[in-house]
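Single-structure report; data block below.
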Ligand SMILES: [Fe+2]
């Protein structure tokens, strides 16, 4: 039984059972799709995070999934980002590349407590530094409520935000989704 | 269980033990359903019909239903048997979502308090799971479910489900997975990098600077098809899971859910949630995003172990809003935006 194995297998060049693990990237992201039998493909709102991040301007936070007020936003990090802040926790998952997340504690909250989604700031908000987090592919970072944060990627990176729809959320469903 | 007296309330009586059959397995009654297994099959009978499922498939399905606490909406063991979650009560159904059973008058549903079904299903799963069989892992990792009754595997049926309140790795929240806490990297993910983010917190902010390697965390999941909360933004829950072989149930959600394929490739067969009619096939490669409408049921196929982010909205108001037609059954992005 597998439960008797208590240590990880060595990270070797041996191909794992089933074959190598494949992740997508900005450079290479083959996509599947909806093959309709008796349905409307638009009901599946099908897109690809990497294709969406690639097609948009840097730091455009494009919704790729929505469920009532909640969204997942895909973006391409390129050069230093503006600063953002939200009244609620947000989370970011690095899908490709490497970024440093800069976090600051503003002197006073930058966003009203009942405001949904991220708000953008062009200048560094007044406050104190909370620290930095260097994150690579597959890493998830907490963006705490009422902190201010920005990203500085090594080169280009793809980020997926778990947040609430707000003034920074771009809706481009017709451009990003399979429609037929 | 709450204060339910079985003599006062026969309709919600728990599992009835009808003894052991010639194959060594317990025979059980729940309401007017009876559950019996032999060396290959589980057989379920109800007043207007009966149905067989391969014993391994039945055990994989009932195990998910137990572990997920009946999940969101409908958990179909196959095209005939299943449960519908009413969050406090659970319907046990046969033929309810099969057009043919409905037409033949063979569809049957009985409703029980959640705890009654949870306890009954765990008892059945315990009795019917042999020593070498683990219904929660990939086929390559387990022995056979078949044959005469041979021991049991209670630990495999009682794995703790991860539910982060804020985020995995946050102070006081779900811990990271390591070799030391019994979570070695799964062989199928032995090539997944195990590096962790570099956190440099200023004095006083160590508790607020939280990050972890989600892909490494998932590579250490010991089970398949077990969506578990790793981060929560109010009712928005990120529930990634590791998938290998076939989703042992056909899920019919009572709300829209979303899939984001994080690694490798999966194929989803989509059927009408109420009738089982074929609707679509969705092929998802790494980075692909797809909604799963609320009026369908879906079963996923993962030819190698893969990472899937299941994204749920846990709002308790959604099932009624969708059932009443106040909200559409698919994401309303085409008319509203
Ligand atoms: Fe599902």
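Chains as they are written, first to last, in my numbering: chain A, 13 to 192; chain B, 329 to 665. The beta-carbon is built from N, C-alpha and C at its ideal position, and this holds for glycine as well. Every value quoted in this text rests on a predicted model; they were computed, and no experiment measured them.
| Asked | Found |
| --- | --- |
| Go to residue 118 of chain A, then tell me how far its alpha helix (DSSP H) extends in each direction, as first and last residue. | Not the alpha helix (DSSP H): residue 118 of chain A falls in the beta strand (DSSP E), residues 111 to 118. |
| Please compile the residues from chain B whose C-beta is within a distance smaller than 9 Å of the C-beta of residue 50 of chain A. | 600, 605, 606, 607, 608 |
| Which bits of chain A does residue 503 of chain B rub up against, with CB to CB less than 8 Å? | Under the 8 Å cutoff, chain A gives no residues; its nearest Cβ is about 15 Å from residue 503 of chain B. |
| Using a Cβ-Cβ distance under 7 Å, would residue 399 of chain B count as near chain A? | no |
| Where do the ends of the alpha helix (DSSP H) carrying residue 144 of chain A lie? | No alpha helix (DSSP H) holds residue 144 of chain A; the beta strand (DSSP E) holding it covers 139 to 147. |
| In three-state terms, what does DSSP make of residue 301 of chain B? | An answer regarding residue 301 of chain B cannot be provided, because it is not within the stretch 329 to 665 covered by chain B. |
| Quick one: is the Cβ of residue 40 of chain A within less than 6 Å of any heavy atom of ligand 1? | no |
| Here's the rule: buried if 16 or more other CB atoms are within 10 angstroms of the residue's CB, otherwise exposed. What is residue 135 of chain A? | exposed |
| Going along the chain, which residues of its own chain have a beta-carbon closer than 6 Å to the beta-carbon of residue 463 of chain B, five neighbours each way excluded? | 387, 388, 391 |
| Drop a sphere of 10 angstroms on the beta-carbon of residue 466 of chain B, count the other beta-carbons inside from all chains shown, and report buried for 16 or more, exposed for fewer. | buried |
| Closer than 7 Å, CB to CB, is residue 42 of chain A near chain B or not? | yes |
| Between residue 497 of chain B and residue 540 of chain B, is the Cβ-Cβ spacing less than 7 Å? | yes |
| Can you tell me whether residue 658 of chain B sits near ligand 1, meaning its C-beta is under 6 Å from at least one heavy atom of the ligand? | no |
| Kindly say whether residue 104 of chain A, judged by its beta-carbon, lies nearer than 7 Å to any beta-carbon of chain B. | no |
| Tell whether a beta-carbon distance below 7 Å holds between residue 98 of chain A and residue 163 of chain A. | no |
| In angstroms with no decimal places, state the Cα-to-Cα distance between residue 342 of chain B and residue 648 of chain B. | 28 Å |
| To which residues of the same chain is residue 479 of chain B closer than 7 Å at the C-beta, ignoring the five residues directly before and after it? | 458, 459 |
| To which residues does DSSP link residue 578 of chain B through a beta bridge? | B:404 |
| Using the beta-carbon of each residue, find all residues closer than 7 Å to any heavy atom of ligand 1 and list them in chain order. | B:579, B:581, B:585, B:620, B:626, B:638 |
| Using beta carbons (cut-off 7 Å, strictly below), is residue 185 of chain A in contact with chain B? | yes |
| List in chain order: all unbroken alpha helix (DSSP H) runs of 4+ residues lying wholly within the region 397 to 452 of chain B. | 427 to 431 |
| So with Cβ pairs under 7 Å, would you call residue 192 of chain A a contact of chain B? | no |
| Return no unless some Cβ of chain B is closer than 7 Å to the Cβ of residue 21 of chain A. | yes |
| Is it a yes or a no for the region 605 to 621 of chain B touching the region 555 to 574 of chain B, going by three-plus beta-carbon pairs under 8 Å? | no |
| Counting pairs of Cβ atoms below 8 Å between the region 117 to 124 of chain A and the region 149 to 158 of chain A, do you hit three or more? | yes |
| Taking the beta carbon of residue 645 of chain B as the centre, do at least 16 other beta carbons fall within 10 Å, making it buried, or is it exposed? | exposed |
| Among residues of its own chain, excluding the 5 on either side of residue 423 of chain B, which ones have a beta-carbon nearer than 7 Å to its beta-carbon? | 377, 408, 429, 430, 434, 435, 436 |
| What is the DSSP secondary structure of residue 171 of chain A, reduced to helix, strand or coil? | strand |
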